[in-house]
Amino acid sequence: MEEIKSLWNKVLTKLELKVSTVSFELWIKPIVLLDYKDNKTLILVASSKTAKNQLLKNHQEHLKEVIEEIFGDATDFKILDSDEKDEYIKNSNPSHLNNTNLINNSDDKPVFNQKYTFENFVVGKSNQFVYAGARAVAENPGKRFNPLFIYGGVGLGKTHLLHAIGNYTVSHFPELKIKYVTCEKFTNDYIESMLSKREESKVEFREKYRKLDILMVDDIQFLSKKDSTQEEFFHTFNDLYQNNKQIILSSDRPPKDIATLAERLESRFASGLIQDIQLPDFETRIAILRKKAQQERYFIDDEVIEFIAEKIDTNIREMEGFLSKVHFFATLLGKKTASLDEAKEAFKEKLDNSRENLTIDLIIDKVCNYFNISKNDIIGKKKSKEIVEPRMIAVYLVSELLDVPLIAIGKHFGGRDHTTIIHARDKITQQVKVNPSTKTIIAELKSLITNN
Ligand code: ADP
Ligand code: MG
Numbered sequence: 003m004e005e006i007k008s009l010w011n012k013v014l015t016k017l018e019l020k021v022s023t024v025s026f027e028l029w030i031k032p033i034v035l036l037d038y039k040d041n042k043t044l045i046l047v048a049s050s051k052t053a054k055n056q057l058l059k060n061h062q063e064h065l066k067e068v069i070e071e072i073f074g075d076a077t078d079f080k081i082l083d084s085d086e087k088d089e090y091i092k093n094s095n096p097s098h099l100n101n102t103n104l105i106n107n108s109d110d111k112p113v114f115n116q117k118y119t120f121e122n123f124v125v126g127k128s129n130q131f132v133y134a135g136a137r138a139v140a141e142n143p144g145k146r147f148n149p150l151f152i153y154g155g156v157g158l159g160k161t162h163l164l165h166a167i168g169n170y171t172v173s174h175f176p177e178l179k180i181k182y183v184t185c186e187k188f189t190n191d192y193i194e195s196m197l198s199k200r201e202e203s204k205v206e207f208r209e210k211y212r213k214l215d216i217l218m219v220d221d222i223q224f225l226s227k228k229d230s231t232q233e234e235f236f237h238t239f240n241d242l243y244q245n246n247k248q249i250i251l252s253s254d255r256p257p258k259d260i261a262t263l264a265e266r267l268e269s270r271f272a273s274g275l276i277q278d279i280q281l282p283d284f285e286t287r288i289a290i291l292r293k294k295a296q297q298e299r300y301f302i303d304d305e306v307i308e309f310i311a312e313k314i315d316t317n318i319r320e321m322e323g324f325l326s327k328v329h330f331f332a333t334l335l336g337k338k339t340a341s342l343d344e345a346k347e348a349f350k351e352k353l354d355n356s357r358e359n360l361t362i363d364l365i366i367d368k369v370c371n372y373f374n375i376s377k378n379d380i381i382g383k384k385k386s387k388e389i390v391e392p393r394m395i396a397v398y399l400v401s402e403l404l405d406v407p408l409i410a411i412g413k414h415f416g417g418r419d420h421t422t423i424i425h426a427r428d429k430i431t432q433q434v435k436v437n438p439s440t441k442t443i444i445a446e447l448k449s450l451i452t453n454n
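In terms of my numbering, the sequence shown is residues 3 to 454.
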């Protein structure tokens, strides 16, 4: 069974490279491996019905491909939601499931992305201090800077550095208990423990987090204000801190901009290190592109590297995505080395995609697809929550992504008044600010829409 667990962890590591980070965090990572039925079928449990739908709709091929690669061609898989899980457990031969190890397998051994190491992190003016801080913490966990707080914009290397600390400490301090979670995962874990009918589950949650030597929480800005999750986070933080255990946090903004966090942890930050990652300069962008090309074994002309570094300057993830597109274009043409022609072609496609191909209908389609509802419903008159929420989200996305007058948007949505449109737009704008799950949904939808 141990072996199955480690194979499944390999599946996760591979999938992480194949799908968007948001999809991975939201739908794939929370999957629980329940059983390996007859040594032939992986029984996977999705975290919710929506998660199951998303997995079936968007990631079935990815799962199939990677599972076959790791477990062999003869292995297939089945995705259950939690009701189906209960049913499955009831109907299965209980001895078969005696090995409860399989349940919640992903929690014990941390799985770090093997590509996200210190060696693969290009150091330049924009990130030299944060790099030094991360290294110092990795080399002396709990002793140098505690907590370490890393902040900076999207796609600038925060997650990479957290994983680098993880990879380093796993190999240099194998005795330490290390955990990396996204804020989302911490929240879900906590809520699950609260909702569980098993009394012990609350204790288990505490033990799981408080026995750690290193806790990393990625994207802590999603820690929501209201609920008791925040309370629990502060207890966990204080407990670890008082025991000289290392805490590492990342965020898209400085601690002072996360209201309650700053207030409650201010005194703690005095002994820590708060460090930002800035936008990389041109030279660093070039160095990063060269490194990625070398890693992925792409042959790319130097002038192409410069072209990309010039065109994309605010997001390294986007830069990487573009690099692989250029490589792909060259492959299609049977060329060994990608030249400026392919780069220009790819860039044109990128512009076209983001401008011309983006229509109200496309956005509506994507939203319908995402929430599993029909176009008639979304533009129609139904007032149930399952329809109203997606409708408002669609309106919000149209007004965010397209330059269309409100009256025209209203017409498109079944002849609605422009004040209704304003209301929907403002409501979601507000929710994105206060509700992490709305924020994540919007991020996921935006990436689905713009990467079309
Ligand atoms: P964030 O978590 O800040 O949104 P990530 O850590 O996911 O960003 O980084 C996005 C991508 O950019 C990753 O593939 C990462 O490897 C790459 N990247 C970011 N900074 C660097 C760097 N300095 N050197 C090499 N790759 C980097
Ligand atoms: Mg990240």
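Note that beta-carbon positions come from the ideal geometry of N, C-alpha and C, so glycine has one too.
Within 10 angstroms of the Cβ of residue i, are there 16 or more other Cβ atoms? Answer buried if so, exposed if not.
i: Phe330; result: exposed
i: Asp419; result: exposed
i: Ile180; result: buried
i: Gly336; result: exposed
i: Thr231; result: buried
i: Phe415; result: buried
i: Pro149; result: buried
i: Ile73; result: Correcting the residue type first, residue 73 is Phe in the shown sequence and not Ile. Classification for Phe73: buried.
i: Gly382; result: exposed
i: Arg427; result: buried
i: Ala459; result: For the chain, the structure presents residues 3 to 454; residue 459 sits outside this window and is missing.
i: Glu446; result: buried
i: Gln248; result: buried
i: Ile409; result: exposed
Please indicate yes or no: does the CB of residue i lie closer than 7 Å to some heavy atom of ligand 1?
i: Ile310; result: no
i: Asn169; result: no
i: Phe131; result: no
i: Lys20; result: no
i: Gly157; result: yes
i: Phe324; result: no
i: Thr316; result: no
i: Gly154; result: yes
i: Ile400; result: Checking the displayed sequence, the identity of residue 400 turns out to be Val instead of Ile. Flag unset: Cβ of Val400 not near ligand 1.
i: Val124; result: yes
i: Ile290; result: yes
i: Thr440; result: no
i: Arg319; result: yes
Is residue i helix, strand or coil when you go by DSSP?
i: Phe301; result: strand
i: Thr422; result: helix
i: Val21; result: coil
i: Thr339; result: strand
i: Ser439; result: helix
i: Tyr153; result: strand
i: Lys39; result: strand
i: Leu214; result: coil
i: Leu447; result: helix
i: Asp78; result: strand
i: Gln116; result: coil
i: Asp367; result: helix
i: Ser195; result: helix
i: Ser269; result: helix
i: Asp1; result: The first residue shown for the chain is 3 and the last is 454, placing residue 1 beyond what the model contains.
i: Ser97; result: Because the pLDDT of Ser97 is 45, which lies under 50, any placement of that residue in the model is unreliable, and the question is left without a value.
i: Asp283; result: coil
i: Ser84; result: helix
i: Leu263; result: helix
i: Asn107; result: With a pLDDT of 42 at Asn107, under the threshold of 50, the modelled position of that residue is not reliable, and no figure is offered here.
Cβ of residue i within 7 Å of any heavy atom in ligand 2?
i: Ile161; result: At residue 161 the sequence reads Thr, which differs from the Ile that was named. Indeed, a heavy atom of ligand 2 lies less than 7 Å from the Cβ.
i: Asp278; result: no
i: Asp419; result: no
i: Asp221; result: yes
Quick one: measure Cβ to Cβ for residue i and residue j, integer angstroms, because I've assumed they're closer than 8 Å.
i: Lys39; j: Ala76; result: Not a contact, Cβ separation roughly 13 Å.
i: His162; j: Phe123; result: 6 Å
i: Ile380; j: Arg393; result: 5 Å
i: Ala311; j: Arg287; result: 4 Å
i: Phe301; j: Ala340; result: 7 Å
Answer with yes or no whether the minimum CB distance from residue i to chain C is below 8 Å.
i: Asp83; result: Absent from the structure is chain C; it holds one protein chain and no more.
Could you say which of the options lies nearest to residue i if we only look at CA atoms?
i: Lys51; options: Ile81, Glu233, Gly144 and Leu35; result: Ile81
i: Asp191; options: Arg287, Leu178 and Val219; result: Val219
i: Lys160; options: Thr189, Gln130, Ala332 and Leu364; result: Gln130
i: Trp10; options: Glu70, Glu265, Ala166 and Glu27; result: Glu70
i: Gly155; options: Asp254, Arg357 and Lys352; result: Asp254
i: Ile250; options: Val125, Asp303 and Pro143; result: Pro143
i: Glu268; options: Arg292, Phe236, Gln296 and Asn246; result: Phe236
i: Glu67; options: Leu14, Leu403, Gly417 and Asn359; result: Leu14
i: Gly274; options: Asp283, Asp303 and Tyr243; result: Tyr243
i: Lys441; options: Asp221, Leu342 and Asn246; result: Asp221
i: Glu391; options: Ile444, Leu158 and Lys16; result: Ile444
Using a threshold of 7 Å, is the CB atom of residue i nearer than that to any non-hydrogen atom of ligand 4?
i: Phe147; result: For the structure depicted, ligand 4 is absent and the ligand set comprises only ligand 1 and ligand 2.
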